[in-house]
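Chemist: Below is a structure I'd like to ask you about.
Number of protein chains: 6
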Amino acid sequence: MTQIKQLVSQDEFVGFYLLKELEVRQTNSTPPKDYFDIVLSDSTGQLSAKMWDVSSTDKETFFPMGLVKVRGIVQTYRERLQIKIGQMRLATPEDGVSITEFIRSAPIRPIDLVHTIKNTTASIVNDEVRTIVEYCINKAEEKLMHYPAAKTHHHAYYAGLAYHIVRMLELGEFICRQRPFLNADMVRAGIILHDVAKTEELNARLGVVSDYSVPGKLIGHIALASSWITEAAIRCDIPLESERVLGLQHLVLSHHNTGEWGSPVQPQTAEAVALHYIDSLDAKLQMVEDALDSTPESESWTPMIRGLENKAVYRTPV
Amino acid sequence: MTQIKQLVSQDEFVGFYLLKELEVRQTNSTPPKDYFDIVLSDSTGQLSAKMWDVSSTDKETFFPMGLVKVRGIVQTYRERLQIKIGQMRLATPEDGVSITEFIRSAPIRPIDLVHTIKNTTASIVNDEVRTIVEYCINKAEEKLMHYPAAKTHHHAYYAGLAYHIVRMLELGEFICRQRPFLNADMVRAGIILHDVAKTEELNARLGVVSDYSVPGKLIGHIALASSWITEAAIRCDIPLESERVLGLQHLVLSHHNTGEWGSPVQPQTAEAVALHYIDSLDAKLQMVEDALDSTPESESWTPMIRGLENKAVYRTPV
Amino acid sequence: MTQIKQLVSQDEFVGFYLLKELEVRQTNSTPPKDYFDIVLSDSTGQLSAKMWDVSSTDKETFFPMGLVKVRGIVQTYRERLQIKIGQMRLATPEDGVSITEFIRSAPIRPIDLVHTIKNTTASIVNDEVRTIVEYCINKAEEKLMHYPAAKTHHHAYYAGLAYHIVRMLELGEFICRQRPFLNADMVRAGIILHDVAKTEELNARLGVVSDYSVPGKLIGHIALASSWITEAAIRCDIPLESERVLGLQHLVLSHHNTGEWGSPVQPQTAEAVALHYIDSLDAKLQMVEDALDSTPESESWTPMIRGLENKAVYRTPV
Amino acid sequence: MTQIKQLVSQDEFVGFYLLKELEVRQTNSTPPKDYFDIVLSDSTGQLSAKMWDVSSTDKETFFPMGLVKVRGIVQTYRERLQIKIGQMRLATPEDGVSITEFIRSAPIRPIDLVHTIKNTTASIVNDEVRTIVEYCINKAEEKLMHYPAAKTHHHAYYAGLAYHIVRMLELGEFICRQRPFLNADMVRAGIILHDVAKTEELNARLGVVSDYSVPGKLIGHIALASSWITEAAIRCDIPLESERVLGLQHLVLSHHNTGEWGSPVQPQTAEAVALHYIDSLDAKLQMVEDALDSTPESESWTPMIRGLENKAVYRTPV
Amino acid sequence: MTQIKQLVSQDEFVGFYLLKELEVRQTNSTPPKDYFDIVLSDSTGQLSAKMWDVSSTDKETFFPMGLVKVRGIVQTYRERLQIKIGQMRLATPEDGVSITEFIRSAPIRPIDLVHTIKNTTASIVNDEVRTIVEYCINKAEEKLMHYPAAKTHHHAYYAGLAYHIVRMLELGEFICRQRPFLNADMVRAGIILHDVAKTEELNARLGVVSDYSVPGKLIGHIALASSWITEAAIRCDIPLESERVLGLQHLVLSHHNTGEWGSPVQPQTAEAVALHYIDSLDAKLQMVEDALDSTPESESWTPMIRGLENKAVYRTPV
Amino acid sequence: MTQIKQLVSQDEFVGFYLLKELEVRQTNSTPPKDYFDIVLSDSTGQLSAKMWDVSSTDKETFFPMGLVKVRGIVQTYRERLQIKIGQMRLATPEDGVSITEFIRSAPIRPIDLVHTIKNTTASIVNDEVRTIVEYCINKAEEKLMHYPAAKTHHHAYYAGLAYHIVRMLELGEFICRQRPFLNADMVRAGIILHDVAKTEELNARLGVVSDYSVPGKLIGHIALASSWITEAAIRCDIPLESERVLGLQHLVLSHHNTGEWGSPVQPQTAEAVALHYIDSLDAKLQMVEDALDSTPESESWTPMIRGLENKAVYRTPV
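Chains as they are written, first to last, in this note's numbering: chain A, 6 to 323; chain B, 6 to 323; chain C, 6 to 323; chain D, 6 to 323; chain E, 6 to 323; chain F, 6 to 323.
The following block contains the structure:
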């Protein structure tokens with residue numbers, strides 16, 4: 006089966022792919038005819054595709070995020086590759102293919118990522134802090150197994166959120182060893198909780214965010230996480246006035262650093278300062294790494310990266 | 006008894022005043038001598054004062070926010086009035102003066118303000134909304150009787166917060182009548198709750214804010230109010246997912262309008278838009294009214310007003 | 006006759022509509038053929054439409070803002086409704102339809118709006134203020150009967166400008182009663198004059214702004230209104246140095262609050278502060294109300310609203 | 006007579022100077038004694054001075070902007086020169102000194118500057134433009150003879166405004182020759198009118214601005230100049246709709262380039278673009294020239310210059 | 006031969022033109038057919054063109070920046086002129102046409118522009134300054150003969166960079182005469198060097214920038230020019246610590262005035278201040294002149310000009 | 006010998022200290038008397054001090070950054086400790102004290118820091134990169150042994166610059182292991198070179214910056230470092246066009262991330278992105294650690310920290 010990344014112009018191929026996007030459009034002919042404007046993807050990348058002269062049955066059969074078997078040919082259109090689909094059908098159980106093989110994923114298994122997060126939580130010494138983190142992890146757990154960290158910005162793939170947390174935890178451990186004045190419990194807790202309410206802010210399936218939820222738009226993951234902590238404290242009988250509750254809420258509320266970026270307060274504890282910069286470092290480097298990965302080796306520049314103020318990145322020559 | 010506002014240069018006077026500020030300083034003479042740098046105030050205004058050659062006993066006797074009887078003379082120093090204190094003693098119970106007579110206060114009695122707020126709360130039709138507002142009002146009630154609305158910006162006096170709420174409620178009633186598409190329950194609830202957590206954010210006594218509390222600095226009244234709503238819902242068995250909980254949290258979180266001003270989300274319901282502009286209108290006009298009130302009639306311009314982008318206001322001639 | 010708002014997919018219909026926009030386009034076929042890209046509207050809304058295979062006569066017959074009788078069918082194109090026009094002809098006098106029935110309009114009759122504005126003007130006590138306002142109202146009167154308040158931002162419909170003024174006057178009366186220190190003459194005059202020069206800034210017909218006039222681009226309605234006041238004073242023998250002339254010019258010049266928004270000076274009288282916030286409150290709430298009105302009841306979110314920093318508004322559930 | 010710029014530490018001297026600033030202060034001794042905190046100036050610069058033990062008569066005799074004869078000694082205080090005044094008396098007619106010898110002044114005689122401005126005005130070809138410029142020049146003439154161009158920013162000295170205009174006219178002539186597509190009438194008129202209403206915006210005496218006038222604060226020189234043009238057109242029977250009136254108003258309204266800097270509209274004619282950059286070039290270079298002039302030759306850096314974003318300027322070595 | 010600027014609708018014509026842009030596109034018909042989407046230009050302007058039904062040979066024959074002979078007809082498409090190409094062939098040597106006749110060019114011959122720049126360089130008195138300028142001019146010389154000054158902003162045509170320098174030198178001479186305190190050597194050197202590294206920053210051919218070079222993106226012309234000066238000093242044995250080296254580097258580094266516009270330091274010498282404003286004045290007026298030139302006389306407004314904050318310019322009526 | 010940090014009110018003490026600041030001032034008495042306004046420091050902190058009635062000899066004897074023996078008494082002045090100096094003399098060789106014992110210093114010996122930097126340099130694999138880094142390190146070496154990293158912002162103490170580099174190298178090694186796609190040579194080189202030209206930008210002695218040098222103000226350390234690389238390449242015969250030269254210059258030029266913060270280009274290689282965030286993380290955490298260290302354990306809040314947007318930091322309770 007041919008992987009998307011390996012297709013070159015003029016290839017004729019047959020294979021299974023994910024119908025990542027599908028729209029019915031009309032040609033400008035009179036009368037106009039329906040065709041499909043499609044994005045096909047697998048775990049190695051994605052390509053746009055056209056399927057001409059679609060029937061009413063076709064329009065009822067195919068839908069976004071479905072798995073399909075495609076016979077097609079690769080063409081060049083405006084200097085980019087594009088697939089012209091000859092034949093297409095839905096995958097069936099007999100095909101023995103699973104959707105998870107076709108989606109972009111963190112490079113570590115979700116179950117291992119969540120395991121690391123739980124182990125780290127268990128290692129938190131302070132009872133109140135550990136209890137609150139456990140409560141929030143339990144609340145999010147099912148989604149932590151597959152949620153991306155963002156819609157497009159960074160770690161936008163299956164289990165991207167858990168992967169982001171785990172890489173930050175590695176960096177956090179290093180910083181806490183390098184600077185022992187930091188409270189390691191709070192650094193760990195802040196890393197685990199800072200984006201945990203993205204599981205409530207975003208609607209996502211298979212690592213792809215479709216949109217923001219209503220609470221996501223009206224409250225946002227920053228204030229949502231603060232409410233989760235309030236909830237955890239009340240449910241676990243921890244006094245709301247506890248310095249630990251206060252400190253954890255400060256960590257999540259301040260982690261975007263400025264009001265302009267959505268934080269109602271700015272970092273004012275050592276751990277909050279550490280959290281913001283650990284988060285930035287991991288997110289920005291991941292954006293760069295992902296952009297370079299998905300740019301063909303032959304090209305020196307990635308496309309522009311929104312999270313890097315719309316700058317493209319130049320591939321450092323070896 | 007001579008009121009501060011009536012004192013003119015060369016007046017010799019005796020009267021009771023509030024020692025609003027007091028600092029011990031030293032003259033530059035050799036050896037240096039201690040003196041008091043003082044701000045005396047009553048309900049009509051305040052003046053700076055000096056008391057020279059203070060003794061060790063004086064330094065132990067007098068303290069800020071104490072009530073004192075003063076014999077003094079009014080001088081002009083660098084074009085401003087200043088009191089030179091001849092004699093000063095603490096007020097005693099026999100003097101029959103009460104500190105509340107000497108502080109700046111909202112023009113309506115606190116008890117009446119809180120009564121209005123409670124009545125309005127009781128008039129809220131939706132059970133969930135009313136229950137949550139009642140919970141928060143109870144939590145704040147004792148402080149609502151006397152807290153100012155801010156440190157210096159606006160309504161910075163005894164019961165200023167409750168006064169701000171009540172004037173906003175009047176305006177809110179008008180707007181809801183003018184635009185029936187607004188949900189009056191939510192407008193009322195938003196007005197009552199928007200600044201309610203200033204009672205946790207600020208440390209205040211007698212209408213004067215001494216500083217921000219630790220939660221005030223690390224969380225801020227906006228996110229604190231959101232947590233109060235979470236707490237109210239849990240304690241009163243209202244589901245956290247209720248649209249009403251969400252709507253109330255959105256109101257308090259968005260009422261500063263932009264991230265730059267501390268709101269993690271921007272107004273995205275009709276009532277949230279209304280709340281922000283009702284709040285601005287009331288706060289700005291109160292700043293202007295207070296500035297004009299405390300500027301002598303003979304002067305055309307008020308001092309610069311920080312909350313109006315540091316502009317002075319010109320007194321419209323009659 | 007079927008109203009635009011009631012049309013659903015597959016409807017075949019005949020009716021009169023306004024040709025709000027009309028452009029001749031060419032198909033991509035070889036040779037290309039002309040077709041009309043059209044927006045049809047009535048007082049309840051608007052829909053895009055196509056008319057294929059148009060003749061030379063058609064291209065000479067139809068023009069934007071004309072009234073037409075249409076036979077058509079409703080189709081769905083890219084998830085939106087679109088009309089395919091079968092037949093179309095110009096409306097004739099015999100049809101007994103009038104263009105004003107087909108345009109979006111303020112909910113109060115223009116004649117009543119202007120009546121209210123004139124009555125309020127007559128109630129201004131100060132002779133100089135009243136005379137200047139009357140002069141400006143006379144200068145604008147004919148256009149006040151139908152001008153919108155803006156191109157797209159807010160009150161963008163027939164008599165929208167007068168409607169905006171009248172709602173602001175209601176709010177102004179309330180505020181003047183609530184805060185008697187405000188000079189009611191100046192508040193009323195400021196409200197009536199603040200946008201009056203939009204009638205010179207914009208070119209509009211039937212409540213629709215086609216573009217900005219040359220003075221609109223080179224001077225802008227803010228400085229134009231200031232010049233109107235200068236002109237009124239000279240023509241009516243009021244000294245240019247009068248405090249009233251100065252005060253009125255300050256009101257119009259400062260009503261956008263900041264230089265960034267086009268005001269060369271910032272509000273520095275109580276009435277100027279009031280005017281700016283009354284204007285904001287009315288304009289923002291009208292944007293929200295209009296956006297909710299023109300969004301189908303079944304949808305929770307309005308489209309993004311440019312005047313609300315591009316935020317969509319969520320419909321508060323009943 | 007010793008000039009301020011020539012005084013060095015330990016000099017004992019007698020001379021006539023301008024009492025540019027004078028404030029009565031009190032020492033910290035008990036009882037405090039009055040002394041004068043003074044700024045003495047002549048055309049070469051200024052120095053601060055103290056006069057100790059002043060009498061009641063002294064306090065009634067001396068006033069700011071008076072001319073005095075001083076006997077004093079130069080001391081060093083906190084690394085700066087400061088004069089200790091031994092004796093001081095008011096200058097009398099017999100002294101034969103004139104205040105204009107003691108103030109900082111443009112390097113060209115005011116009468117010659119105004120002559121150049123009038124000649125240039127007379128050379129304007131278009132009748133409407135010339136008439137309006139003449140009207141405005143007449144309105145300002147008396148003040149044009151001595152007004153500074155700003156409070157502190159640039160050309161802050163006697164006849165600084167006229168000097169600024171004349172230098173800009175020289176530059177304007179050059180640019181019009183270099184780029185004949187520019188309308189020379191409009192460039193000349195724009196240069197002459199752009200700051201003409203500073204004569205109404207500022208209160209100044211002897212080249213020193215004491216403060217902004219009430220119209221200066223509430224309207225500002227930009228909108229004032231636009232009103233002057235309206236007034237000129239009406240008084241001289243030029244139609245307000247004339248393209249020339251419009252063009253001149255656009256020039257003055259847009260000359261600060263952005264809303265942030267006080268222009269309600271941005272330059273949108275070739276001449277308006279030229280005017281803004283000619284104004285900037287002249288003003289910025291004059292700031293630099295003045296700062297270098299008043300910095301001792303021995304110092305490499307001027308003080309920070311507010312109009313150059315608070316940067317100091319380094320003296321280019323010869 | 007018909008010039009682009011003279012073509013009107015319905016013209017049938019034959020002529021030589023530059024194929025400024027060429028893209029192969031496909032029609033929406035089934036199967037899609039290839040056609041050329043073309044921009045034809047000569048020295049008077051440019052027009053878009055279509056050539057339908059292109060063959061494989063056509064696709065191999067034609068390329069951007071080639072010279073072609075075209076038979077075509079002018080049509081109107083969406084209110085704009087567009088050429089429908091009937092026949093097209095490559096120009097041959099026998100046609101006797103040269104590409105330089107077909108491109109937009111500075112109004113002065115490149116050889117004369119470079120001659121002026123070299124003469125001015127030779128007139129620089131200070132040896133170090135002159136030597137460094139000569140070194141840089143030599144480094145850039147070949148490109149100075151034809152490079153534009155920018156991609157689209159200003160002077161975007163053949164030899165536009167040299168033309169910009171020469172006009173600035175004229176202005177610089179004037180300013181140095183008007184203000185003799187300026188160091189004329191440094192003003193001249195600054196003008197010549199400020200944009201000289203655009204020849205390294207941009208990839209350009211025939212006055213058209215195709216893109217930024219890698220050093221252009223990673224270093225930028227400002228820091229590149231500073232490195233050129235370092236290089237010149239080392240190669241010509243001028244000490245790097247020389248005040249002249251420092252002064253020249255400061256000139257190029259600061260000429261964009263603020264960090265926001267790419268200058269790592271702000272102008273802090275008189276000559277650096279002069280350079281920035283001379284550069285702005287020349288660039289902005291050239292944008293305006295070019296925009297007016299390429300707008301038909303019959304139109305009052307130019308298109309929006311990006312370098313003037315996206316404002317259109319109004320043609321001052323004669 | 007009593008350390009500064011241990012002094013409490015009323016202590017009488019004798020000890021050696023550094024005269025970190027010294028100014029001669031005058032009392033307000035008549036005639037005024039000279040006294041010293043002093044800052045005494047040792048490695049544990051600093052305190053202000055007064056020495057009254059100083060003689061002419063005293064004024065010639067003492068100077069800033071001198072080492073002195075002091076007999077004094079600790080007083081409280083405006084709630085802060087202050088030393089009243091009874092006797093003071095210069096330290097002599099016989100006292101056996103060395104100035105380096107009295108200054109604030111990085112917690113690692115300078116020689117070890119520089120050793121680490123040189124070892125890391127030696128480990129760079131690429132010849133061009135290593136050669137350039139070595140050249141620059143040699144150029145700076147003597148100053149690397151003692152220069153602070155900034156005037157006040159962060160690492161403002163003896164060898165602070167080398168300490169900052171070494172901590173960043175530790176973090177860089179971690180990141181390169183965590184993300185092997187990064188070019189470790191370039192990360193190491195970027196870290197070592199990014200601030201190396203601070204040794205030319207700042208004038209510093211004993212870890213204290215007195216001011217910026219002339220090249221520091223006119224060029225800045227960012228463009229200076231870029232010139233060092235140009236110089237290194239030329240002197241070491243590495244082609245200026247080498248991708249390595251380009252890459253290193255990009256690293257130093259972009260490390261402040263935005264134009265607003267002084268970088269003429271933004272990070273556009275993976276290593277440049279890494280460098281900026283490693284720099285931020287280390288600098289910000291060091292500011293916090295230093296601020297907490299120098300705040301008494303008994304206080305919850307540090308003073309405001311300029312580099313953290315003027316926020317104070319709250320000490321996380323243990």
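All residues carry an ideal CB built from backbone N, CA and C; glycine is no exception.
On the DSSP bridge assignment, give the partners of Thr81/B in chain order.
Modeler: Numbered from its first residue, the second sequence carries residue 81/B at position 76. Beta-bridge pairing links Thr81/B to Leu86/B.
Chemist: Please identify the residue among Thr105/D, Met56/D, Ala154/D, Met292/D whose C-alpha is closest to the C-alpha of Ser215/D.
Modeler: Translated into the one-based positions of the fourth sequence, residue 215/D becomes position 210. Closest option to Ser215/D, Cα to Cα, is Ala154/D.
Chemist: Once you ignore the five residues that flank Asp287/F on each side, which residues in its own chain have a CB closer than 8 angstroms to its CB?
Modeler: Residue numbering aside, residue 287/F sits at position 282 when the sixth sequence is read from its first letter. If we look at Asp287/F and ignore the five residues flanking it on each side, its Cβ neighbours are His169, Arg172, Met173, Leu176.
Chemist: Within 8 angstroms (strictly less), CB to CB, does Val219/A reach chain C?
Modeler: Position 214 of the first sequence holds residue 219/A. Chain C, which has a Cβ nearer than 8 angstroms to the Cβ of Val219/A, makes this yes.
Chemist: Please list the terminal residues of the continuous alpha helix (DSSP H) segment that includes Asp58/B.
Modeler: For the purposes of this step, residue 58/B is taken as residue 53 along the second sequence, with counting starting at 1. Run containing Asp58/B: none; DSSP gives neither H nor E here.
Chemist: Excluding the 5 residues preceding and the 5 following Val79/F in the sequence, name in chain order all residues of the same chain whose CB lies nearer than 7 angstroms to its CB.
Modeler: Here residue 79/F refers to the residue found at position 74 when the sixth sequence is read from its first residue. Correct list, in chain order: Leu12, Val13, Ser14, Gln15, Asp16, Leu86, Ile88.
Chemist: At 7 angstroms on the CB atoms, spell out the chain D contacts of Gln31/F, in chain order.
Modeler: As a first step, residue 31/F is located in the sixth sequence; it is residue number 26 there, counting from the start. Neighbours of Gln31/F on chain D, chain order: Tyr82.
Chemist: Does any residue of chain B bring its CB to less than 8 angstroms from the CB of Thr300/A?
Modeler: The sequence position of residue 300/A within the first sequence is 295, counting from 1. By this cut-off, Thr300/A is not an interface position.
Chemist: Report buried or exposed for Ile116/C, applying the criterion of at least 16 other Cβ atoms within 10 angstroms of its Cβ.
Modeler: Sequence index remark: in the third sequence, residue 116/C carries index 111 (1-based). Under this definition Ile116/C is an exposed residue.
Chemist: So Leu223/E contacts chain A; which residues on that side make the cut at Cβ distance below 8 angstroms?
Modeler: On the fifth sequence, residue 223/E is found 218 positions in, with the first residue counted as 1. Neighbours of Leu223/E on chain A, chain order: Tyr319.
Chemist: Could you have a look at Glu302/F and say whether DSSP puts it in helix, strand or coil?
Modeler: Within the sixth sequence, the letter at position 297 stands for residue 302/F. Correct three-state label for Glu302/F: coil.
Chemist: So the alpha helix (DSSP H) Ile331/F belongs to, where does it begin and stop?
Modeler: This structure leaves residue 331/F out entirely; chain F is present only between 6 and 323.
Chemist: In whole angstroms, what is the alpha-carbon distance linking Tyr152/D and Ala228/D?
Modeler: The sequence position of residue 152/D within the fourth sequence is 147, counting from 1. The sequence position of residue 228/D within the fourth sequence is 223, counting from 1. Taking the straight line from one Cα to the other gives about 19 angstroms.
Chemist: Can you pull the chain B neighbours of Arg184/C, defined as C-beta to C-beta under 8 angstroms?
Modeler: Locating residue 184/C in the third sequence gives position 179, counting from the first residue. The answer, in chain order, is Leu290, Glu294.
Chemist: Output needed in chain order: residues of the segment 258-291 of chain A with a Cβ under 9 angstroms from some Cβ in chain B.
Modeler: Hits within the stretch, in order: Leu258, Ser259, His261, Thr263, Gly264, Glu265, Trp266, Gly267, Ser268, Pro269, Val270, Gln273, Thr274, Ala277.
Chemist: Considering only DSSP beta bridges, list what Phe21/C is partnered with.
Modeler: Start at 1 with the first residue of the third sequence, and residue 21/C comes out as number 16. Beta-bridge pairing links Phe21/C to Lys74/C.
Chemist: At which residues does the alpha helix (DSSP H) containing Tyr168/D begin and terminate?
Modeler: Taking the fourth sequence and counting its residues from 1, one reaches residue 168/D at position 163. Where Tyr168/D is concerned, the enclosing alpha helix (DSSP H) stretches over 165-183.
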